[in-house]
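Chains A, B and C, in that order, are what the protein sequence lines are.
Residue 1238 in the numbering used here sits at position 103 of the first sequence, and the numbers go up by one each step.
Residue 189 in the numbering used here sits at position 160 of the second sequence, and the numbers go up by one each step.
Residue 103 in the numbering used here sits at position 102 of the third sequence, and the numbers go up by one each step.
We put the beta carbon where it would ideally sit given N, CA and C, even for glycine.
Predicted, not measured: the structure shown is a model, and the values here were computed from it.
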Amino acid sequence: MSRSAILPNRGLADRLSALFWRRPRVLLLLLITPPLLWLGVVYLGSLGALLLQSFYSIDEFSGVVVEEFTLKTYGELFRAANMDIILRTLTMSASVTLASAVIGFPVAYFAARFARGRWKAVFYLGIMLPLWSSYLVKVYAWKLILAKEGIITWAADSVGLGFLLDAVLALPGVGGNSLSTSFIGTWLVFVYVWLPYMILPMQASLERVPVSMLEASSDLGATRGQTFRSVILPLAMPGVIAGSIFTFSLTMGDYIIPQIVGTSARFIGQAVYQLQGTAGNIPLAAAFAVVPILIMLVYLSLAKRGGAFDAL
Amino acid sequence: MTNAVTFHKVSRHYGKVKAVDAVDLSIAEGSFFAMLGPSGSGKTTCLRLISGFEKPTAGEIRIFGQDVSDTPPNRRSVNTVFQDYALFPHMNVRDNVAYGPMVAGVGKTERYAKAEEMLALVKLDGYGDRKPGQLSGGQRQRVALARALVNEPRVLLLDEPLGALDLKLREAMQDELKALQKRLGITFVFVTHDQHEALSMADQLAVFNEGKIAQIGSPSEVYDRPATPFVANFVGSSNVLPPSLTAQLGGAAAWASLRPEAIRLVAKGKGKMNGTVAALRYLGAGSRVSVMVGETEIAALVPAGEAAPEAGAEVGITFETSALHVMAGS
Amino acid sequence: MHSEARPSKGLTAAAIGGLLFLHLPILLIFLYAFTTEDRTYQFPPPGLTTKWFAVAWNRADIWPPLYLSLRVAAISTAMAMVLGTLVAAAMARSRFFGREQISLLIILPIALPGVITGMSLRSAFAIMDIPFSTLTIVMGHATFCIVIVYNNAVARFRRLSGAVLEASADLGANGFQSFRYVLLPNLGSALLAGGMLAFALSFDEVIVTTFTAGQQSTLPIWMLNELVRPRQRPVTNVVAIVVFVTTFFPILIAYYLTRGGSETAGGGK
Chain A
1136 MSRSAILPNR GLADRLSALF WRRPRVLLLL LITPPLLWLG VVYLGSLGAL
1186 LLQSFYSIDE FSGVVVEEFT LKTYGELFRA ANMDIILRTL TMSASVTLAS
1236 AVIGFPVAYF AARFARGRWK AVFYLGIMLP LWSSYLVKVY AWKLILAKEG
1286 IITWAADSVG LGFLLDAVLA LPGVGGNSLS TSFIGTWLVF VYVWLPYMIL
1336 PMQASLERVP VSMLEASSDL GATRGQTFRS VILPLAMPGV IAGSIFTFSL
1386 TMGDYIIPQI VGTSARFIGQ AVYQLQGTAG NIPLAAAFAV VPILIMLVYL
1436 SLAKRGGAFD AL
Chain B
30 MTNAVTFHKV SRHYGKVKAV DAVDLSIAEG SFFAMLGPSG SGKTTCLRLI
80 SGFEKPTAGE IRIFGQDVSD TPPNRRSVNT VFQDYALFPH MNVRDNVAYG
130 PMVAGVGKTE RYAKAEEMLA LVKLDGYGDR KPGQLSGGQR QRVALARALV
180 NEPRVLLLDE PLGALDLKLR EAMQDELKAL QKRLGITFVF VTHDQHEALS
230 MADQLAVFNE GKIAQIGSPS EVYDRPATPF VANFVGSSNV LPPSLTAQLG
280 GAAAWASLRP EAIRLVAKGK GKMNGTVAAL RYLGAGSRVS VMVGETEIAA
330 LVPAGEAAPE AGAEVGITFE TSALHVMAGS
Chain C
2 MHSEARPSKG LTAAAIGGLL FLHLPILLIF LYAFTTEDRT YQFPPPGLTT
52 KWFAVAWNRA DIWPPLYLSL RVAAISTAMA MVLGTLVAAA MARSRFFGRE
102 QISLLIILPI ALPGVITGMS LRSAFAIMDI PFSTLTIVMG HATFCIVIVY
152 NNAVARFRRL SGAVLEASAD LGANGFQSFR YVLLPNLGSA LLAGGMLAFA
202 LSFDEVIVTT FTAGQQSTLP IWMLNELVRP RQRPVTNVVA IVVFVTTFFP
252 ILIAYYLTRG GSETAGGGK
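As structure tokens, this is what we get:
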């Protein structure tokens, strides 16, 4: 045999491939540099700019941003009115998260344990489509539903439960003129919009519970209720926590929903939006935006301890 | 005779892990060479060093005398049958087999003709239009073989190619591979952890342990004259006698190996040593009897038809003196 | 012994109720596009008409936002597909120092509330005196679309056995041939699915956009203005249907493209 054990080089493509083979790091660097530059410069740079802005202040007379380091803006953040906004947002986020978990659990549990074949696909699409479909359209749908002249009032009146609706709306603090101008309305829309974000991770963690484990539990004499409390719920917990990261974070940062459905009481997102826009106070807007970041950092580190990241 | 592959002090270290450590190796052209060893012993890394998917951290690899240190896998005249076959899932069988000629720029008619020829070689004529997913494990294995042979490599590497097949199919493929290698006359380098496979197929075999080669030789050399207790143990589950026992039997004070089939069990006191039967295992073609001689367990093979002793019985052990192989290594 | 092979009636009802809760509200959007009442959200509609589709078609203020949204979504998706695929390829093929940090960095734009991404970009534009333009909108969208493409691509990379690329090289293909003949055909559908989802996400994004658009209006911003100050309410419904359909089909296609794998699209938004 006269054939060489080494095949000939066929040009530039071969030579480049050989270079990547000899130095795999070169290829890695070529691959990762453009996305890293983008995320590092555009995104991290912007986050840095946000932080920087929050340490600037605004000149009260001229309304011009003073580009000097100061803690004045953060001091402003701790005014009673602003603290109210933060507390209101946190309360809303917590109650939305809780409701999403309660409403979402049966769906996730059913989809993970009992849905088979075609039903599995129905449940999957049934959760995924609302997750991805237009946010604004979903909010708008609820504007229609909750309107004073809308379907809920009509339905309550048709079955003679109008008095119940009136009683709910008369509740102090959460009620209002109509559902679409009440705290309850805002809460309902939040729950609706973020519910799929809770269901998917819950379903993922429930799917990892082996059926044999449930059978073992009932074999050992546990009732359904006991199995649920002592086996299913603890195993589903990482999923619930993972889901709660989404529902909590998304509620905390939203400013469209309370603007369209709800009272005039503001949330953090609205405050940020109005301060940077009409009020032109970018430093205070930035300081407000830092609040959810800090809260989410704390939340994430707690969740990490709960093992939630395995369910993501 | 030229050597197809030579390793000169080749090492592949990953940090502190020495996957392959200063290995010297020559594989003769046209031979069927087996690399045998437990998982993690370095045999697969050696194969990947030949194909170029791993680069040595030290040493030199030559293929037909040419240094390939700077040659990427696509330019080595070496092809591989991968462990999980690694067929291209989006291509049919014909395109899989014709892939090598295609990337080399061979025209469609010619490369398809070549693919059909290779498929005929592995007895898969008429399967060209199927997708890999529609084939059985054995058929996939043949496609992988045809695909690797189409480029007419000078060395064919096989990475545990029969591992995923069931016993019957595996035995049939062993014969076929052997016949194919004879017919094509190419060097086959075959990685396996199955000592029977290595012994029955290879002309030469290297036994790997912890990144080093424990012994290289023909199957009978390795089987009959294991160089170290590890080889004795791994190749054919031989009895390994400690130096004290070897000396007691009249040999030098060194480790020795003794094949179970070389031992005959006799009445107590009539043999070279005495022991107590600890356990019996019926194997069909005979029984494997474990005899405790002091602290050492000695296995003996009693052919079917002969009376096997019962557990707890005191027996004598005897064998031809030439069967006792004193090892050099420790 | 009772096995839990069958769900209880209560659980079935709650599960189906949950699904209906997620889907029924959308139907009202369709119904209200046909109502004759254009000043309130009266239910049931006093009468039905199809005239609003024609009215919407002739409203000059709808077309520019629609064009802008399509343009922004197309550009952002293209950028995200390139950047997301690159980073997925890098992350899938090797372990290196800082890998964990990079994966966190990719996920951050959707893990943090949109208002933060929006406000951050707004702060950066303010500090650097960058005027608002289509480009500023695209910068925001591309950033959060990268993770969508990345998620789809990296899952497929993981499923694609590494030995397949080795086999290609073994048979004589250089890196570019392996990319063209092996990697791309196997990655294609996952990339397309990622692109579809990125497009859907960008097309209807409003939170970040309001911070980066300045005076320009994307279709969602147009809708938001109509929600706050309604005129001809059914026209808004017609637009809502357009937005819904424009995002619905890419999502459905993405699902079918990746169905059957462990990495079905949409697992994480």
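Item	Value
Tell me which residues share the same chain as valine 1161/A and place their Cβ nearer than 8 Å to its Cβ, disregarding the 5 neighbours each side in the sequence.	Leu1154 and Phe1155
Work out the CA separation of glutamate 239/B and lysine 47/B for me, nearest whole Å.	8 Å
Sort Leu65/B, Leu198/B and Thr305/B by Cα distance to valine 264/B and report the nearest one.	Leu65/B
Out of Leu1212/A, Leu1370/A, Ser1365/A and Gly1360/A, point me to the one whose CA is closest to glutamate 1342/A's CA.	Leu1370/A
Tell me whether glutamate 343/B sits in a helix, a strand or coil according to DSSP, three-state version.	strand
Check whether the Cβ of serine 106/B lies closer than 8 Å to any Cβ atom in chain A.	yes
Counting only runs that start and end within the segment 1200-1254 of chain A, where is the alpha helix (DSSP H) found for 4 or more residues in a row?	1207-1212 and 1215-1248
What would DSSP say about glutamine 1411/A, mapped onto helix, strand or coil?	helix
Just to confirm, is the Cβ distance from leucine 287/B to leucine 270/B under 8 Å?	yes
Check glycine 269/C in the structure and name its three-state DSSP category.	The predicted model places glycine 269/C with a pLDDT of 47, which falls under 50 and marks its position as unreliable; any figure quoted below should be read in that light. Glycine 269/C falls in the coil class under three-state DSSP.
For proline 248/B, is the beta carbon positioned less than 7 Å from some heavy atom of the ligand PLP?	In terms of ligand content, the structure shown is empty, and the ligand PLP therefore cannot be addressed.
Short check: CB of threonine 144/C to CB of valine 73/C, under 8 Å?	no
Using only the alpha-carbon positions, how far apart do threonine 1398/A and leucine 1165/A sit?	52 Å
Serine 1152/A versus chain B: which residues are under 7 Å apart at the beta carbon?	Pro101 and Asn103
Is it true that the CB of leucine 122/C sits closer than 8 Å to the CB of threonine 213/C?	yes
In chain B, what lies closer than 8 Å to leucine 1142/A by C-beta?	Asn103, Arg104, Arg105 and Ser106
Please give me, in chain order, every unbroken run of the beta strand (DSSP E) with length at least 3 that falls completely inside the segment 148-201 of chain B.	184-188
Excluding five sequence neighbours on each side, which residues of the same chain lie with their C-beta closer than 6 Å to the C-beta of tyrosine 1209/A?	Ala1422
Hey, how far is the Cα of leucine 1349/A from the Cα of phenylalanine 1240/A?	17 Å
For the alpha helix (DSSP H) containing proline 1388/A, list its first residue and its last residue.	Per the sequence presented here, residue 1388/A reads as glycine, with proline not at that position. Its alpha helix (DSSP H) spans residues 1368-1388.
Do the segment 1355-1372 of chain A and the segment 199-219 of chain C touch if we need at least three Cβ pairs shorter than 8 Å?	no
Less than 8 Å between CB atoms is the rule here; does phenylalanine 36/B satisfy it with respect to chain A?	no
Spell out whether any CB of chain A is found under 8 Å from the CB atom of aspartate 62/C.	no
Report yes or no: is there a C-beta of chain C within less than 8 Å of the C-beta of leucine 1304/A?	no
Who are the neighbours of histidine 24/C on chain A, taking C-beta pairs under 9 Å?	Gly1261, Leu1264 and Pro1265
Would you mind telling me which residues of chain C sit closer than 9 Å to valine 132/B, beta carbon to beta carbon, in chain order?	Ser169, Leu172, Gly173, Ala174, Asn175, Gln178, Ser179 and Tyr182
Nearest to leucine 153/B by alpha carbon, out of Glu139/B, Thr138/B, Lys137/B and Gln170/B?	Gln170/B
With 8 Å set as the bound, which would you pick, yes or no: does the beta-carbon of methionine 1136/A sit closer than that to a beta-carbon of chain C?	Model confidence at methionine 1136/A stands at a pLDDT of 43, short of 50, so the residue's coordinates are unreliable and nothing is read from them.
If we require 4 or more residues per run, which alpha helix (DSSP H) segments fall completely within the segment 228-254 of chain B?	248-253
Under the assumption that leucine 1163/A contacts phenylalanine 97/C (Cβ atoms under 8 Å), give the Cβ distance between them as a whole number of angstroms.	7 Å
Measure the C-alpha to C-alpha separation of leucine 161/C and proline 118/B and round it to an integer number of angstroms.	9 Å
Just the C-alpha distance for isoleucine 242/C and threonine 37/C, rounded to the nearest angstrom, thanks.	17 Å
Any beta carbon of chain E sitting closer than 8 Å to that of threonine 211/C?	The structure shown has no chain E; the protein chains it does contain are A, B and C.
Could you check where the alpha helix (DSSP H) with methionine 140/C kicks off and where it finishes?	135-160
Taking 7 Å as the limit between beta carbons, can you name the residues of its chain near glycine 298/B, skipping five residues before and five after?	Gly345
Given a threshold of 16 other Cβ atoms within 10 Å of its Cβ, counted over all protein chains shown, does lysine 143/B qualify as buried or as exposed?	buried
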